[in-house]
Structure formats: C-alpha cells, structure tokens
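For the protein sequence lines, the chains are A and B, in the order given.
Here the first sequence stands for residues 0 to 531, where the numbers follow numbering that gives the first Met the number 0.
Here the second sequence stands for residues 0 to 311, where the numbers follow numbering that gives the first Met the number 0.
Working notes, structure below.
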Amino acid sequence: MSKSISLRGGLVLLCLLISLASLAPTVMKESLPDWWLKAFDPIHLGLDLQGGIHLVLGVEVEKAVEARLDSMTDQSESLLREKDIIFKRVERLPGERLAVTVYDQAAGDQVDALMKDSFPTLEALTVTQEGGFIQKNYRVSDKELADIEDYAVRQALETLRNRVDQFGVSEPTLQRQSDNRILIQLPGIKDPERAIALLGKTARLEFKMVVDQADIQAALAGNLAPGTRLLYEKNVDKATGAVSETPLVVEDKTALTGDLLSDAQVRIDTRFNEPYVSIDFNALGAKRFDQITAASVGRRMAIILDDTVYSAPVIRERISGGSAQISGSFNEQEATDLAIVLRAGSLPAPVKILENRTVGPSLGRDSINQGVMSVMIGGLLVVLAMVIYYNLSGLIATLALALNLLFIMAMLSLFKASLTLPGIAGIVLTLGMAVDANVLIFERIREEARLGKSARVAVEAGFSKALSSIVDANVTTLIAALVLFQFGTGPVKGFAVTLSVGIISSMFTAIFVSRVVFDFFLARRQIKRLSI
Amino acid sequence: MELIKHDLNFDFVGRIKLAVILSVIVILIGFGSMIFKGGLSYGVDFSGGILVQVKFNAATSAGDIKQSLKELDLGGVAVQAFGDDAHEFMIRAQSSSSEFSSLSDSVKQSLEKTYGAGSVEVRRAEMVGPQVGKDLRKKGLLALVYAMIGTLIYIAWRFELPFAIGAILALTHDVLITLGAFSLFNREIDLPIIAAFLAIIGYSLNDTIIIYDRIRENRGRYSKESFPTIVNRSVNETMSRTIMTTGTTLMVVIALFIFGGGVIHNFAFALLIGITVGTYSTIFVASAFVLAWDKWQAGRTGGLTPAKGKTA
Numbered sequence: 000m001s002k003s004i005s006l007r008g009g010l011v012l013l014c015l016l017i018s019l020a021s022l023a024p025t026v027m028k029e030s031l032p033d034w035w036l037k038a039f040d041p042i043h044l045g046l047d048l049q050g051g052i053h054l055v056l057g058v059e060v061e062k063a064v065e066a067r068l069d070s071m072t073d074q075s076e077s078l079l080r081e082k083d084i085i086f087k088r089v090e091r092l093p094g095e096r097l098a099v100t101v102y103d104q105a106a107g108d109q110v111d112a113l114m115k116d117s118f119p120t121l122e123a124l125t126v127t128q129e130g131g132f133i134q135k136n137y138r139v140s141d142k143e144l145a146d147i148e149d150y151a152v153r154q155a156l157e158t159l160r161n162r163v164d165q166f167g168v169s170e171p172t173l174q175r176q177s178d179n180r181i182l183i184q185l186p187g188i189k190d191p192e193r194a195i196a197l198l199g200k201t202a203r204l205e206f207k208m209v210v211d212q213a214d215i216q217a218a219l220a221g222n223l224a225p226g227t228r229l230l231y232e233k234n235v236d237k238a239t240g241a242v243s244e245t246p247l248v249v250e251d252k253t254a255l256t257g258d259l260l261s262d263a264q265v266r267i268d269t270r271f272n273e274p275y276v277s278i279d280f281n282a283l284g285a286k287r288f289d290q291i292t293a294a295s296v297g298r299r300m301a302i303i304l305d306d307t308v309y310s311a312p313v314i315r316e317r318i319s320g321g322s323a324q325i326s327g328s329f330n331e332q333e334a335t336d337l338a339i340v341l342r343a344g345s346l347p348a349p350v351k352i353l354e355n356r357t358v359g360p361s362l363g364r365d366s367i368n369q370g371v372m373s374v375m376i377g378g379l380l381v382v383l384a385m386v387i388y389y390n391l392s393g394l395i396a397t398l399a400l401a402l403n404l405l406f407i408m409a410m411l412s413l414f415k416a417s418l419t420l421p422g423i424a425g426i427v428l429t430l431g432m433a434v435d436a437n438v439l440i441f442e443r444i445r446e447e448a449r450l451g452k453s454a455r456v457a458v459e460a461g462f463s464k465a466l467s468s469i470v471d472a473n474v475t476t477l478i479a480a481l482v483l484f485q486f487g488t489g490p491v492k493g494f495a496v497t498l499s500v501g502i503i504s505s506m507f508t509a510i511f512v513s514r515v516v517f518d519f520f521l522a523r524r525q526i527k528r529l530s531i
Numbered sequence: 000m001e002l003i004k005h006d007l008n009f010d011f012v013g014r015i016k017l018a019v020i021l022s023v024i025v026i027l028i029g030f031g032s033m034i035f036k037g038g039l040s041y042g043v044d045f046s047g048g049i050l051v052q053v054k055f056n057a058a059t060s061a062g063d064i065k066q067s068l069k070e071l072d073l074g075g076v077a078v079q080a081f082g083d084d085a086h087e088f089m090i091r092a093q094s095s096s097s098e099f100s101s102l103s104d105s106v107k108q109s110l111e112k113t114y115g116a117g118s119v120e121v122r123r124a125e126m127v128g129p130q131v132g133k134d135l136r137k138k139g140l141l142a143l144v145y146a147m148i149g150t151l152i153y154i155a156w157r158f159e160l161p162f163a164i165g166a167i168l169a170l171t172h173d174v175l176i177t178l179g180a181f182s183l184f185n186r187e188i189d190l191p192i193i194a195a196f197l198a199i200i201g202y203s204l205n206d207t208i209i210i211y212d213r214i215r216e217n218r219g220r221y222s223k224e225s226f227p228t229i230v231n232r233s234v235n236e237t238m239s240r241t242i243m244t245t246g247t248t249l250m251v252v253i254a255l256f257i258f259g260g261g262v263i264h265n266f267a268f269a270l271l272i273g274i275t276v277g278t279y280s281t282i283f284v285a286s287a288f289v290l291a292w293d294k295w296q297a298g299r300t301g302g303l304t305p306a307k308g309k310t311a
C-alpha cells in the first residue's frame, strides 16, 4: 500500500515538475538559460489577446481563367497568321469559351486541326453559322479549369507569403482554405492598414504604349478605337495634396509585364528629394525592353500598376541596360511598399477581402487583465465554497484545483496551442466544473460514512462508486468540446482547446491526485472521522 | 457543513406537470419575442458587416459619433456604448464591400475631424463578408447538430435510448430558452456564443448523466420500488451535489460576467442562463421524459424496470 502511494505520489510530482519547467519561460523569460528556452516555448497568445490581423482573402480564380483564355486568344491569333490561315477574328466569350470565326469550311477544318494540336486542353464545342461566317467554339476542359484555379490559389499563397516575409512579421500564419480562400494571420502587427493594403494589391505591372494621337474626348464618351483602352494617371498636387486624374489612351497590347523583373529598390531622387522605385529586368526582360525602346523612340510608354498609370514618360533613346525607374506621386512608404510587391511578384488573380478582423494591442492587454481577474476571483470563490462545505477535504479539492490550473497552462504551452479570450473563459468554466468530480466523490464518501463505514472503507467506496458518473459525464462534455474544435475558427477553437484540456486534466486531478492525498493521510494515521 | 439534508425527500416527480407548463410558457415567450423582433439579432460574424470599437480620451455620446460619421455613408450605422464609462463605443454597419478594407482608417479620420487628432483610438475593427457570414452560420448550426448526435450515440450506448432522447430533449430545451433570453434582452449572437451554446450542451449533459447514473444504480438496488419513486429518490440523493456544482459553476460564470470585460459579456450571459436552465431541465425535462416513456411503455408491455410490472 505505502509503496503504491509513493509510486503514485512520484507520478504526480513528475507531472508537477514537467508543468513547472514548461511554464517557466512564460513567467520569467529573461532569467532562464538558453537550452531551457529552446526546450519549452512560452504560452502562445491568440490574436485577440496580443493584437494583430486575421484576414480571409478570396482569390478571384475566374479572373485567372480569363487571363489564361486571353493569352490563348493572343497565341492562336499569331499561330493562325503564321500558318496563313485566313480568319475573321478570335475572341474570348463568356463561359470559359474561345471562338474562332472563319469564312469557309476548309479554313474551319484547318483551324480545328491547329487548335487540337496547339491547345489540347480545349474541347471543341458546337459550330455556329451565321451570315456566311463559321464560328468555331472551344471550351476549356473541366480538368484544365480546375488546374488553372488550383494553380492560381497556390501561386497567390506563395506570393502572399513572399510579401509577408518582406514585410517582416514574426510568426505569421498563411493557410489555404476551401473555396479558393486564403487565411492570413499576422500577430502583433503595428500598422494593420498598411499590411492590408500591401497584401490586397494584385501588383500586376504592365508597360503599354500610349496612343498620343487618340481623341481623348471621344474616348471619354465611350468611343475607343479598336485595340486601345482608357486608363487614368493619378497625380497628387504636392502643395495642396489634392488628387487629380488624367485620362490616357493606351494600346490594349501589353509591351512588357512585371514577371520579367529581377529586382526593385527604393531610391531618392536627389534633385527633387522625391522617392522613386528603381527596377531591374532579368536577361529576357532586358532584351525585350531594349527592343521595345529601340522601336519606339519619341513615343510615350505608360507604366501601369493594377490598371492605374503611375507615369507615362517619353522614350528619349533606346534603353539597353535593363533597368528603369517608376516615379509618380508617392511618398517614401508608398514607394517602399511598391518595391516590396514588385519584388514579391504579382498575384495571378486579384484577391478580395472576405473577412478582416483587426485587434489593437491595448484591447488585448485589457482582455488579459480582465481574464486573469475573473480567473482569480472565480477560483477564490470556488475555493471558499469548497472549504466551507467540505472542511479539510475541501482543501484537498483546492489542491486538485490548483494543480488543474497549472496542468492546463502547461499543456497549452507543451502543445503550442494559442490562448485566446474565449480560451480564458474556457479555463474559468473548467474551474467551476472541475470541482464537480470532487463534489461527486465527496458526496459519495459522505453517504458511505453515514452508513457507518470506517474512514478508509468510505473513501475507497466513494471513489469507486463515483467513478462511472464522472467518466460518463466528462466524456459527453468532451464530445461537445471536440465537435467545437472541429468547427473551430480562431477564438472558438481556443475555447474548445482549453475546455478539452481542462476536462482531461480535471479528471486526472480529481480522481488520481485527490486519491493519492487521501490515501497518504489515511495510511499515516488512524483517522476515525473524516473531515468532510 | 450540509446545505441539503441528506435524507431530503422532496416530491420532484409530483411537480413535473407544473414544470412542463412553466417550460412551455418560457419557451413560448422566447419564440414570441423572436417573432415580434423579426428573428434573432446576429452579430457581424453571422450577418456580415463591419464593426469598429473605438475609445475616446473624453466622454462623448453615441449620437455625436453618429453625426460625425455621416460623411462616410456606411449605410445604417448603429453606435452603442461599450463598457461602463462613456469613453468606449461600438460602431456597426451593414455595408461590407471591400472598399471598406481600409475601414478603421476612414472611421478614425472622420472621428478625428470632430474630436481632434490623437483623441480616438481604434481598438478593434472587423469586416465580415456576407458569404463568410453565411458559411459561419451554417458551420455553427452544424456544430450544434453534430454535438447532439455524438452525445446521443454515447448516451444510448451507455444507458438506453429513452435516456438519450430525454437528454437531447433537455439540452434542446436549454438552448431554446437561452436563445429566447438573447432575443428578449436584445443581445447579439456571434461566434463566441456558439462556443457558449456548446458549453451549455456539455454542462446540461454533465448534469443529466449524473442523475441518470444514479437512476441506473438505484434501479438495481431498489428493484421493489416503482419507477417514479426511484427517479424521485435519485434526484433527492444527488441534490446536494447538484446544488454544490451548479453553485460553484455559477459563481465563476458570474465572476466572468462582471469582471471579464465587454468582449466576453454576452458569452457569460449565455452561460448564466444556460447553466441555470440546464440544472432545472435535468430534473424536469430529462428525468421527466424517461418517466413518461416508462409510463407509456408500461401501458403497452411492462415498462423499463423489470420489477415494475409487479408493482404497477
């Protein structure tokens, strides 16, 4: 008996030591040796307690599909020309379709053969005939569609991760979710608005030639020459800060895109003391840039980011070094952010913010203080009630309760789970419910003692009879908690974690630890009457 | 110390009819309030929309804040005081287009125009798109249903099917009454409330199982007694534990309600109602259902208790 007591007592002590060791970094980080801090992490605080951003971005994959079809349209146009096939037009149609219009059946057959060869992922659809033309319809296959969408989301995740890394956030979370969504969590961030702007930007950099001879007034009225489009150049008046927009007609065809960049850096223009972004092309990009500038000396080239013209300088001479500058109306921080997104690459499709939760650090601090306050007051009330109601045995329950609290915190730190505000509520709730197991046992012991049994027999019977109730009751609560964990988004998950951990730990402390304490006292002395 | 005499013999079973009437009335009041108010009021998590929590240096009023936000055109703005002093407010609006991604900035700028720079602090800003809100609502409802199915299976396995149905009936009763209270007191249902509901389900079951366990035990021990007597005896025998556990749990929940801060207020409110009702429903819904089932069975075959056939 006494050997069994020391063995069980040893186990409890071991748990206690592990808990203390794992919690030490949370309480006194500075005074611990390095190996200790490496072995145990401090308790991780959720976003709602330390402040930060929780974002859910939806990748607009249909835009990626459109872009893909646009490039297929361009490619098939040049292929048709190469093969000298006479055609009227190639166009993208709604419903992930592409149509080639030709004049006769022979050309139609040639087109079919060519498309089948060059774009195996396209499925031939119906042929429509009208007014002497034959329109051949093709559709992107479902598998290809899924592939494009999947690739777009993966690529977006990669790009966003690059941006977050460049932005410098400690312990960011980026996760792909169902329905083409991406979850981003940035704890402890100082400037949430800036981070959101940075992440949400598509950052599609394009160079297009300006059509100077175009009639701006007609374009504003909606009459655009084919193959051109209307964009706006944003200007900020330095003196007044007023924003004005200048309309500009540019060619539809993109001369060069930002995919071919190798680097982007912020520089300061020494003459005007204004920031600009210096960009370097890779080898291929440099070659193309050289060709384009050589062919268009004297024309204006628009530098466009996400359909807004940053600047449209005149090409004065052929540029062969493979570098250029983007200047425009931005301050230094905007220039820095522009350089970041250019370095990190563009998103394959625009993203939309579906959910945005930002918690400032001061609210988190208040929440922690209030949470700790309620844990202390709640715990104190429970302890008082237990000691008043069960006397010395109530003290044993208090010991079990204190260990319980310690074990919950230790398990949170060992499992690297985050503590959230609902999580603290879960701990408070567990404190109240944890005593239930002790109450059940004590009530049973009282009942047994009333039947005239000796102290030791009453304790023995009390524990064994209460066991089935305790297990059944806790398992059902655990089922509810696990469902919650499955469902869990953010804070709710934190609640499920502390509740589940609390249930397991409270069963251990109430059934095992209290029993050891009872046995310890009963083995030492001849106790006639239990203080219960 | 003993609050409840150990030989307590209160006739709980005799009061079941009265309790059922009371429960039905309370649930109907809740439903009535929901119908009158056009459904439950959902927080941004479920309805979609925006929420900004701001703190001012000096006291102000909801009306003044609303006035200074007029230029933003957020569409149906509601401003509510938050916490005890008139320094902290919650601003809510339905609009949730992505243009409001820089929402906390624009709110801050508008407010600073009226109140002066540096006098406003944005403590929290949330934007939930309508699609995400819908998804969360669906997920929340599913979580409640799955929790019920999971526990139904467990109890049916550990006890008998009528016990499981009684337990589910009891927790449905608790959730319905808590929902009614939310409607009646104009409180919003958001994500943490789902957590609270699952905690209530857990607690209600916890309580129910303890009495079921005692009924099962007593059925074996006092096989000569009638089933209603056994149920009544079991409820009485566990009364001391019920009072003690509910008491301690309510104590901590009240501590949470008072000291936990505004963010956790509704959560604690849900628990307060749910746990109180959960304790009541264990006796007057869960146990009552098992009794009613037994009576109905007795009329047909012979009842749940083998011995009961003789006494009935």
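C-beta atoms are modelled at their ideal positions from N, C-alpha and C, and glycine is treated no differently.
Predicted model only: the values in this text are computed from it and were never measured.
Within chain A, the residues placing a beta-carbon under 9 Å from that of P191/B are L420, P421, A424, P490, V491 and F494, ordered along the chain. The shortest CA-to-CA distance from T278/B to any of D206/B, V174/B, G37/B and E1/B is the one to D206/B. Apart from sequence neighbours up to five positions away, the residues of its chain that approach D10/B with a beta-carbon distance below 8 Å are N231, ordered along the chain.
Judged by DSSP in its simplified three-state form, I154/B adopts helix. When the Cα atoms are used, T113/B and N355/A turn out to be separated by approximately 26 Å. Taking a cut-off of 8 Å for Cβ pairs, the segment 78-90 of chain B and the segment 27-41 of chain B do not touch, as fewer than three such pairs fall below it. Taken in chain order, the complete alpha helix (DSSP H) segments of 4 residues or longer contained in the segment 234-302 of chain A are 282-294. A distance of 8 Å or more separates the beta carbons of V127/B and V53/B.
In the structure shown, F486/A falls within a helical segment according to DSSP collapsed to helix, strand and coil. Under the Cβ distance rule, N355/A counts among the residues neighbouring chain B, one pair being separated by less than 8 Å.
For H264/B, the three-state secondary structure derived from DSSP is helix.
Proximity of the segment 466-480 of chain A to the segment 444-455 of chain A falls short of the contact definition, fewer than three beta-carbon pairs being nearer than 8 Å. When Cβ-Cβ separations below 8 Å define contact, A460/A makes no contact with chain B. Just so you know, the alpha carbons of V284/B and T171/B end up roughly 10 Å apart. Counting only Cβ-Cβ distances below 9 Å, A384/A has contacts in chain B at M243, G246, T247 and M250, in chain order.
In this structure, L110/B is the residue among L110/B, T59/B, G47/B and M0/B with its C-alpha nearest to the C-alpha of L71/B. In chain order, G260 and V262 make up the part of chain B whose C-beta sits under 7 Å from the C-beta of S366/A.
In the DSSP annotation of this structure, H172/B is not part of any beta strand (DSSP E); the continuous alpha helix (DSSP H) holding it starts and ends at L160 to L183. Counting only unbroken stretches of 4 or more residues, no alpha helix (DSSP H) element lies wholly within the segment 107-144 of chain A. It is roughly 50 Å from the alpha-carbon of A220/A to the alpha-carbon of P360/A. Listed as beta-bridge partners of R228/A by DSSP are V249/A. Residue state for T59/B is assigned as coil, using DSSP reduced to three classes. Annotated as distal: S75/A and V55/A, with beta-carbon spacing of 8 Å or more. When Cβ pairs closer than 8 Å are counted between the two stretches, the segment 143-154 of chain A is seen to touch the segment 58-73 of chain A, the count reaching three or more.
Taking a cut-off of 8 Å for Cβ pairs, the segment 363-376 of chain A and the segment 135-147 of chain B do not touch, as fewer than three such pairs fall below it. Note on G257/A: 16 or more other CB atoms within 10 angstroms of its CB, so buried under the neighbour-count rule.
Collapsing the DSSP output to three states places Q154/A in a helix. One alpha carbon belongs to G179/B, the other to S32/B, and they sit about 7 Å apart. For A77/B, the enclosing beta strand (DSSP E) stretches over residues A77 to A80. With 16 or more neighbouring CB atoms inside 10 Å of its own CB, E205/A falls in the buried class. If the five residues before and after R445/A are omitted, its C-beta is found closer than 7 Å to the C-beta atoms of I531, all from its own chain and listed in chain order. Taken in chain order, the complete alpha helix (DSSP H) segments of 4 or more residues contained in the segment 462-509 of chain A are 489-506. Only K138, G139, L141, A142, Y145, A146, G149, T150, Y153, I154 and R157 from the segment 137-163 of chain B bring a Cβ to less than 8 Å from some Cβ of chain A. By the neighbour-count criterion, in which 16 or more other beta carbons inside 10 Å mark a residue as buried, Y102/A falls on the exposed side. Remark: C-beta atoms of V458/A and R240/B do not approach each other more closely than 8 Å. Excluding its 5 nearest sequence neighbours in each direction, N8/B has C-beta neighbours in its own chain below 7 Å: N235, listed in chain order.
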